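At position 260 of the sequence shown (counting the first as 1) the number is 259 in numbering that gives the first Met the number 0, and the numbers step up by one without a gap. From the three backbone atoms N, C-alpha and C, an ideal C-beta is built for every residue, glycine too. Here the structure is a predicted model, which means the values were calculated and not measured. First up is the structure itself, then whatever we jot down about it.
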Amino acid sequence: MREYLLTLCVTAAVTYLLTGPVRKFAILAGAMPEIRARDVHREPTPRLGGIAMFGGLCAGLLVAAHLSNLKHVFELSNEPRALLSGAGLIWLLGVLDDKWGVDALVKLGGQMIAAGVMVLQGLTILWIPVPGVGTVSLTPMQGTLLTVALVVITINAVNFVDGLDGLASGMVCIAAAAFFLYAYRMWFGHGLEAAAPATLFAAILMGMCLGFLPHNMHPARIFMGDSGSMLIGLVLAAGAISVTGQVDPDALKLWAGSERAAVHTMVPVYIPLLLPLTVIAVPVADLLLAIVRRTWKGQSPFAADRGHLHHRLLEIGHSHSRAVLIMYFWSALIAFGAVAYSVNSASGWILLLITVLSAVGLVLLLMPRFTPRAPRWAERFVPPRYRRRAVPPAVGEQPAGGGADEAPREPVPAGLHGATAIGDRSRFTQRGTIGSNR
Numbered sequence: 000m001r002e003y004l005l006t007l008c009v010t011a012a013v014t015y016l017l018t019g020p021v022r023k024f025a026i027l028a029g030a031m032p033e034i035r036a037r038d039v040h041r042e043p044t045p046r047l048g049g050i051a052m053f054g055g056l057c058a059g060l061l062v063a064a065h066l067s068n069l070k071h072v073f074e075l076s077n078e079p080r081a082l083l084s085g086a087g088l089i090w091l092l093g094v095l096d097d098k099w100g101v102d103a104l105v106k107l108g109g110q111m112i113a114a115g116v117m118v119l120q121g122l123t124i125l126w127i128p129v130p131g132v133g134t135v136s137l138t139p140m141q142g143t144l145l146t147v148a149l150v151v152i153t154i155n156a157v158n159f160v161d162g163l164d165g166l167a168s169g170m171v172c173i174a175a176a177a178f179f180l181y182a183y184r185m186w187f188g189h190g191l192e193a194a195a196p197a198t199l200f201a202a203i204l205m206g207m208c209l210g211f212l213p214h215n216m217h218p219a220r221i222f223m224g225d226s227g228s229m230l231i232g233l234v235l236a237a238g239a240i241s242v243t244g245q246v247d248p249d250a251l252k253l254w255a256g257s258e259r260a261a262v263h264t265m266v267p268v269y270i271p272l273l274l275p276l277t278v279i280a281v282p283v284a285d286l287l288l289a290i291v292r293r294t295w296k297g298q299s300p301f302a303a304d305r306g307h308l309h310h311r312l313l314e315i316g317h318s319h320s321r322a323v324l325i326m327y328f329w330s331a332l333i334a335f336g337a338v339a340y341s342v343n344s345a346s347g348w349i350l351l352l353i354t355v356l357s358a359v360g361l362v363l364l365l366m367p368r369f370t371p372r373a374p375r376w377a378e379r380f381v382p383p384r385y386r387r388r389a390v391p392p393a394v395g396e397q398p399a400g401g402g403a404d405e406a407p408r409e410p411v412p413a414g415l416h417g418a419t420a421i422g423d424r425s426r427f428t429q430r431g432t433i434g435s436n437r
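Pasting the structure below:
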């Protein structure tokens, strides 16, 4: 566990430290597209955050290759090299799209090529454990088609949900954390060495997202762009394919009693067709709804609009931060609920807990105007909008901003140069500056 945590921390640190220089590079390179009608941010923001995330991925793999307990993953399996090859291709395609724009069909073809490269290097599904039947072996063609389909679905699901500051990176981080617990249990709990690559991929993916989140939280200073969203989607899909399509259920007979019982024990997250859907169920649901909505209107399934789940949360009155937290809540509930159910599917308290938390989530969803307040002892550690009493500003200081829970600011007169701050604090002005030429 210590080496996995070290790999996670190194990946997060490299990603965090690279994001600042990458932001400056994106500004100089002109990777700051104009604000579109479907966007929710009000100021042009640089993209290309995927460059920093790819640097974190390379650093994590490099460190893991030199650790005593993890280097055997590189010696006994070609999956890390397959992941790096596919990630490099999808990252390069994303960089080109962030800077110059790439047609949707070209991106789809690039995603399939990246998945095919991973298949050629051994990262593919070999068999499927089917409940009540047992292990079903796949032909090379069937395994290739299923692997490519899973990679493309997962990449586009993450890409579709990347619409609010910190949303995609946070949701994928939650999914990766749940997936890490599942894979780590398979590796050290059941002694299945074939689950080691998936455990490593999940740890690195968490580090990539955690390192990028401080720069991407609202108000975001940089966006990950397609170079980042497609990259983390591919890494998540690679881990799911590795642990579900490579681990033989026959090895579980020693603990589950028989092959059929072993398959039942690992339901619902052991089947490859369901695992990516459970850990990113919210993005996949958003993806399916978007395809149905656009097709019903006679539009292309890849045509962008403002009908995503996060857009609807904003329309019913939720603030930017609250909409992101609600999406986090549902992602965590589904992902960790599926992992808990796979550990002990016969336990009734798990289903009861999931039901109670779902009810709590529905209540929060229907209360967009409710503003939570922190306890008095914790007020100094939270943003001002969550404090019970407003803290008066010191002499000569600006009042603190109200954050994303406040209404959009009014247009600022041209004479108020320097009187406003950037982002959420832009609606506050200093006393006495009205009409000044400063």
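* To do: Report the three-state DSSP secondary structure of Ile315 (helix, strand or coil).
  => One-based indexing of the sequence shown puts residue 315 at position 316. Correct three-state label for Ile315: coil.
* What distance in whole Å lies between the Cβ atoms of Gly224 and Thr10, which are believed to be in contact at a cut-off of 8 Å? -> Mapped onto the sequence shown, residue 10 falls at position 11. Mapped onto the sequence shown, residue 224 falls at position 225. Rounded, the Cβ-Cβ distance is 19 Å, inconsistent with contact.
* Asked: For the candidate residues Arg375, Ala86, Leu212, whose alpha-carbon lies nearest to that of Val150?
  -> The count along the sequence shown starts at 1 and reaches residue 150 at position 151. Nearest option by C-alpha distance: Ala86.
* **Beta-carbon proximity of Gly121 to Ala81, cut-off 9 Å** => Along the sequence shown, read from residue 1 onward, the residue named residue 121 stands at position 122. Along the sequence shown, read from residue 1 onward, the residue named residue 81 stands at position 82. Yes, the pair counts as a contact, with Cβ atoms nearer than the cut-off.
* **Whole-angstrom distance between Ala156 and Gln110, CA atom to CA atom** => Against the sequence shown, residue 110 aligns to sequence position 111. Against the sequence shown, residue 156 aligns to sequence position 157. Each residue's alpha carbon lies about 13 Å from the other.
* Going by C-alpha distance, which of Ile112, Ile152, Ser226, Trp186 is nearest Arg46? -> The residue labelled residue 46 in the question sits at position 47 within the sequence shown. Minimum Cα distance to Arg46 is reached at Ser226.
* Asked: How big is the Cα-Cα spacing for Ser168 and Leu75?
  -> Taking the first residue of the sequence shown as 1, we reach residue 168 at position 169. Taking the first residue of the sequence shown as 1, we reach residue 75 at position 76. In a straight line, the C-alpha of Ser168 is about 31 Å away from that of Leu75.
* Per-residue DSSP class, three states only, for Ile124 -> Position 125 of the sequence shown, counted from the first residue, corresponds to residue 124. Ile124: coil per DSSP, three-state reduction.
* **Pick from Thr198, His317, Arg379, Gly210 that is closest to Asn68, judged by C-alpha positions** => Here residue 68 is taken as the residue at index 69 of the sequence shown, counted from 1. Looking at the Cα atoms, Thr198 is the closest of the given residues.
* **Cα-Cα separation between Arg61 and Leu137, rounded to whole angstroms** => The count along the sequence shown starts at 1 and reaches residue 61 at position 62. The count along the sequence shown starts at 1 and reaches residue 137 at position 138. A small correction: the amino acid at residue 61 is Leu; Arg does not occupy that position in the sequence shown. Distance between the alpha carbons of Leu61 and Leu137: 33 Å.
* Asked: Counting Cβ pairs, one atom from each stretch, are 3 or more of them under 8 Å apart for the region 11-28 and the region 208-216?
  -> yes
* To do: Would you kindly work out how many angstroms separate the C-alpha atoms of Val323 and Ile231, rounded to a whole number?
  => As a position in the sequence shown, residue 323 is number 324, starting the count at 1. As a position in the sequence shown, residue 231 is number 232, starting the count at 1. Straight-line Cα distance between these residues: approximately 18 Å.
* To do: For the region 181-220, list the alpha helix (DSSP H) runs that are entirely contained and at least 4 residues long, ordered along the chain.
  => 195-215
* Can you tell me whether Ala177 is buried or exposed, with buried defined as 16 or more other CB within 10 angstroms of its CB? -> The residue labelled residue 177 in the question sits at position 178 within the sequence shown. It is buried - the Cβ of Ala177 has at least 16 other Cβ atoms within 10 Å.
* To do: Return the CA-CA distance between Trp90 and Ile112, expressed in angstroms with no decimal places.
  => For the purposes of this step, residue 90 is taken as the residue at position 91 of the sequence shown. For the purposes of this step, residue 112 is taken as the residue at position 113 of the sequence shown. Roughly 12 Å separates the two Cα atoms.
* To do: Give the single residue among Leu56, Leu92, Trp329 whose Cα lies nearest to the Cα of Pro79.
  => The residue labelled residue 79 in the question sits at position 80 within the sequence shown. Comparing Cα-Cα distances from Pro79 to each of Leu56, Leu92, Trp329, the minimum goes to Leu56.
* So what does DSSP say about His65, is it helix, strand or coil? -> Stepping through the sequence shown from its first residue, residue 65 is reached at position 66. Three-state DSSP puts His65 in coil, outside helix and strand.
* **DSSP state of Arg46 mapped onto helix, strand, coil** => Taking the first residue of the sequence shown as position 1, residue 46 is located at position 47. Coil, per DSSP.
* **Any non-hydrogen atom of the ligand FAD closer than 8 Å to Leu107 Cβ** => What this structure holds is no ligand at all, so the ligand FAD is not there to describe.
* When the Cα atoms are used, what is the spatial distance from Ala58 to Ser84? -> Position 59 of the sequence shown, counting from 1, holds the residue named residue 58. Position 85 of the sequence shown, counting from 1, holds the residue named residue 84. Straight-line Cα distance between these residues: approximately 15 Å.
* To do: Please state if the CB of Val242 and the CB of Ala193 are separated by a distance shorter than 9 Å.
  => As a position in the sequence shown, residue 193 is number 194, starting the count at 1. As a position in the sequence shown, residue 242 is number 243, starting the count at 1. Yes, Cβ-Cβ distance for Ala193 and Val242 is below 9 Å.
* **Nearest residue (CA-CA) to Ala358, options Val291, Leu332, Glu2, Ala377** => Looking up residue 358 in the sequence shown gives position 359. Comparing Cα-Cα distances from Ala358 to each of Val291, Leu332, Glu2, Ala377, the minimum goes to Leu332.
* Asked: Hey, out of Leu5, Phe335, Leu233, whose CA is closest to Ala64's CA?
  -> In the sequence shown, the residue the question calls residue 64 occupies position 65. It is Leu5 whose Cα lies nearest to the Cα of Ala64.
* What is the rounded straight-line gap between the Cα of Gly190 and the Cα of Ala182? -> Taking the sequence shown and counting its residues from 1, the one referred to as residue 190 is at position 191. Taking the sequence shown and counting its residues from 1, the one referred to as residue 182 is at position 183. Their backbone Cα atoms lie some 11 Å apart in a straight line.
* Range of the contiguous alpha helix (DSSP H) that encloses Asp96 -> In the sequence shown, residue 96 corresponds to position 97, counting from 1. 78-98 is the span of the alpha helix (DSSP H), which, as asked, contains Asp96.
* Leu66 versus Val291 - alpha carbon distance -> As a first step, residue 66 must be located in the sequence shown, where it is residue number 67. As a first step, residue 291 must be located in the sequence shown, where it is residue number 292. Those two C-alpha atoms are separated by around 47 Å.
* Asked: Within 10 angstroms of its Cβ, does Met326 collect 16 or more other Cβ (buried), or is it exposed?
  -> The count along the sequence shown starts at 1 and reaches residue 326 at position 327. Its Cβ being crowded by 16 or more others within 10 Å, Met326 is buried.
* Asked: Helix, strand or coil for Leu163 per DSSP?
  -> The residue given as residue 163 occupies position 164 in the sequence shown. Coil at Leu163, not helix or strand.
* Span of the alpha helix (DSSP H) around Met470 -> Because the chain is modelled from 0 through 437, residue 470 falls outside the range shown and cannot be assessed.
* Asked: For Cys8, which residues from the same chain have a beta carbon less than 8 Å from its beta carbon, with the 5 sequence-adjacent residues on both sides left out?
  -> Residue 8 sits at position 9 when you count from the first residue of the sequence shown. So the qualifying residues of the chain are Gly206.
* Can you tell which of Leu107, Asp161, Leu287, Glu314 has the C-alpha that lies nearest to the C-alpha of Val147? -> Locating residue 147 in the sequence shown gives position 148, where the first residue counts as 1. Out of Leu107, Asp161, Leu287, Glu314, Leu107 has the C-alpha closest to the C-alpha of Val147.
* To do: Specify the secondary structure class of Gly232 as computed by DSSP and reduced to three states.
  => In the sequence shown, residue 232 corresponds to position 233, counting from 1. Gly232 falls in the helix class under three-state DSSP.
* To do: With DSSP as the reference, label Lys296 as helix, strand or coil.
  => Residue numbering aside, residue 296 sits at position 297 when the sequence shown is read from its first letter. Three-state DSSP puts Lys296 in coil, outside helix and strand.
* Report the rounded CA-to-CA distance for Ile221 versus Arg22, giving the unit in angstroms. => Here the question's residue 221 lines up with position 222 in the sequence shown. Here the question's residue 22 lines up with position 23 in the sequence shown. One C-alpha to the other measures close to 6 Å.
* So, Phe159 versus Leu286, is the Cβ gap smaller than 9 Å? -> On the sequence shown, residue 159 is found 160 positions in, with the first residue counted as 1. On the sequence shown, residue 286 is found 287 positions in, with the first residue counted as 1. Yes, the Cβ-Cβ distance between Phe159 and Leu286 is below 9 Å.
* **Alpha-carbon to alpha-carbon, Trp376 and Ala237** => Translated into positions along the sequence shown, residue 237 becomes position 238. Translated into positions along the sequence shown, residue 376 becomes position 377. Going from the Cα of Ala237 to the Cα of Trp376 covers about 44 Å.
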